[in-house]
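First comes the structure, then the notes that go with it.
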Amino acid sequence: MNSPTYENVHNQFKWNGFHLNREDLCRVAYSFIKEGEEYEKPVGDFLLDWFDSSDYIKMQTSGTTGKPKIINVSKQAMVHSAIATGDFFGLQPGNKALHCLPVKYVAGKMMLVRAMILGLDVEFTAPSSHPLRHNENEYDFVAMVPLQAQNSIEELSRVKKLIIGGAAINKTLEKQLLKLKTDVYETYGMTETITHIAARKLGEKAFTVLPNVTISYDKRNCLVIHAPRISDDVIVTNDIVELVSENQFVFLGRIDNVINSGGIKLIPEQIEKKLSNKIHQRFFITSKPDHELGEKVILVVEGTKQDFDESLYNELDKYEKPKEVVFIPKFKDTATGKIMRKESLL
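Right, here's the structure in full:
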């Protein structure tokens with residue numbers, strides 16, 4: 001059997017109930033660009049780019065492996081990524097999928113590519129924070145960001161498999177999702193890896209890599225990704241990990257966030273995990289320069305000022321305890337709902 005290519009659309013692919021081929025999709029694209037809603041125009045642009053004579057797509061990186069930049073992503077690599085996702089999650093032609101992510105970003109682009117390559121029956125809806133609110137349909141496969149999942153708890157029983165990416169899933173949301181019959185996975189990836197290269201089923205600690213991906217770590221203990229079908233280059237990340245096996249890892253935190261306090265290296269994400277059940281507003285751990293310690297740990301909380309009891313820090317080690325609490329009325333977020341730590345503090 002010939003491997004699928006980006007030039008072909010699976011004969012079982014459906015868009016909002018209609019079988020569409022390459023020519024049909026180009027007509028849809030022109031219509032979206034000319035008279036579509038605001039969220040449909042990037043879909044039209046992407047479809048025309050996908051079916052043009054070039055073998056790559058230009059994409060903006062998120063900054064996971066360095067400063068954000070524009071990179072060329074191979075269309076055939078995107079096809080390989082779609083197939084790996086299909087294999088990992090057991091997707092079949094004709095499976096019903098919901099597309100509720102902005103196509104401006106890589107996750108939204110890839111959800112469309114998966115549908116066209118794997119032959120999914122995709123329902124396309126405007127990206128919103130409540131994607132399941134206005135329909136009663138059941139779905140085999142849906143991708144969301146954490147905010148969408150949080151707002152859809154009541155409706156998620158209609159979804160068989162849900163993948164969540166773009167930002168970490170907090171413990172409170174994970175507990176709520178574990179009560180559902182839905183199979184829910186947190187994904188790990190970035191633009192350079194054409195969305196996810198690994199997924200963690202909720203309730204488990206480690207991420208498992210997708211087919212044809214191998215992993216290692218460098219001298220900083222940061223994840224190194226070998227995915228020859230997706231990237232010609234080895235991808236070196238700034239994510240500190242613990243390797244469980246050759247295909248499983250535990251994410252610990254970002255090296256950019258590491259705090260050196262009195263010679264002790266602290267990973268904010270690990271401190272945040274210990275506090276996640278005790279603080280009900282959004283928060284994060286960071287540092288401020290300190291004459292004695294070099295850097296002192298601070299707790300930054302979204303909302304109005306309040307008093308926290310010292311018992312809040314019972315689970316923390318001596319060096320992990322915040323020396324100061326800062327309150328900020330509203331955090332700044334990325335488009336996927338990830339807190340922008342530095343920008344929020346400005």
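Last residue of the sequence shown: 346 in UniProt numbering, with the numbers rising by one and none dropped. Backbone N, C-alpha and C fix where the C-beta goes; we use that ideal spot for every residue, glycine too.
Same chain, Cβ closer than 6 angstroms to residue i, five either side skipped, listed in chain order
| i | result |
| --- | --- |
| residue 138 | 158 |
| residue 1 | Residue confidence is low: residue 1 scores 44 on pLDDT, short of 50, so the model does not pin down where it sits. No coordinate-derived value is stated. |
| residue 142 | 98, 159, 162 |
| residue 183 | 161 |
| residue 88 | 210 |
Residue i - DSSP class collapsed to helix/strand/coil
| i | result |
| --- | --- |
| residue 193 | helix |
| residue 282 | coil |
| residue 10 | coil |
| residue 144 | strand |
| residue 270 | helix |
| residue 253 | strand |
| residue 1 | Low confidence applies to residue 1: its pLDDT is 44, below 50, so where it sits in the model is not reliable enough to give any reading. |
| residue 114 | helix |
| residue 172 | helix |
| residue 139 | strand |
| residue 331 | coil |
| residue 96 | strand |
| residue 35 | helix |
| residue 248 | strand |
| residue 313 | helix |
Beta-carbon proximity list for residue i, same chain, < 7 angstroms, skipping 5 on both sides
| i | result |
| --- | --- |
| residue 167 | 145, 146, 336, 337, 338 |
| residue 3 | none |
| residue 173 | 146, 149, 150 |
| residue 103 | 42, 43, 46, 109, 112 |
| residue 39 | 102, 126, 127 |
| residue 18 | none |
Of the residues the options, the one placed nearest residue i, counting alpha carbons only
| i | options | result |
| --- | --- | --- |
| residue 195 | 267, 262, 272, 109 | 109 |
| residue 76 | 121, 51, 256 | 51 |
| residue 267 | 254, 275, 278, 276 | 254 |
| residue 212 | 230, 200, 8, 206 | 230 |
| residue 201 | 23, 5, 165, 223 | 165 |
| residue 264 | 204, 318, 103 | 318 |
| residue 269 | 327, 141, 298 | 298 |
| residue 258 | 188, 163, 222, 79 | 222 |
| residue 53 | 6, 236, 175, 234 | 6 |
| residue 293 | 341, 35, 260 | 260 |
| residue 277 | 124, 117, 314 | 314 |
Rounded Cβ spacing between residue i and residue j (contact assumed at less than 8 angstroms)
| i | j | result |
| --- | --- | --- |
| residue 46 | residue 112 | 7 angstroms |
| residue 252 | residue 271 | Incorrect: roughly 11 angstroms between the Cβ atoms, too far for contact. |
| residue 224 | residue 216 | 5 angstroms |
| residue 305 | residue 323 | Rounded, the Cβ-Cβ distance is 17 angstroms, inconsistent with contact. |
| residue 244 | residue 199 | Contact flag wrong, Cβ pair sits at about 14 angstroms. |
Enclosing beta strand (DSSP E) for residue i [first to last residue]
| i | result |
| --- | --- |
| residue 132 | No beta strand (DSSP E) contains residue 132, which DSSP labels as neither H nor E. |
| residue 59 | 56-60 |
| residue 207 | 207-209 |
| residue 239 | 235-245 |
| residue 121 | 121-124 |
| residue 261 | 259-261 |
Cβ-based neighbour list, residue i, same chain, cut-off 8 angstroms, excluding 5 preceding and 5 following
| i | result |
| --- | --- |
| residue 359 | There is no way to answer for residue 359, as the model of the chain reaches only from 1 to 346. |
beta-carbon residue i near the ligand HEM non-hydrogen atom, thresh 7 angstroms
| i | result |
| --- | --- |
| residue 244 | Judged by which ligands are present, the structure shown has none, so any question about the ligand HEM falls away. |
Host alpha helix (DSSP H) of residue i (start-end)
| i | result |
| --- | --- |
| residue 291 | It is not in any alpha helix (DSSP H) - residue 291 carries neither H nor E in the DSSP assignment. |
| residue 319 | Here residue 319 belongs to no alpha helix (DSSP H), and DSSP marks it neither H nor E. |
| residue 81 | 75-89 |
| residue 223 | No alpha helix (DSSP H) contains residue 223, which is instead part of the beta strand (DSSP E) from 222-226. |
| residue 48 | 41-50 |
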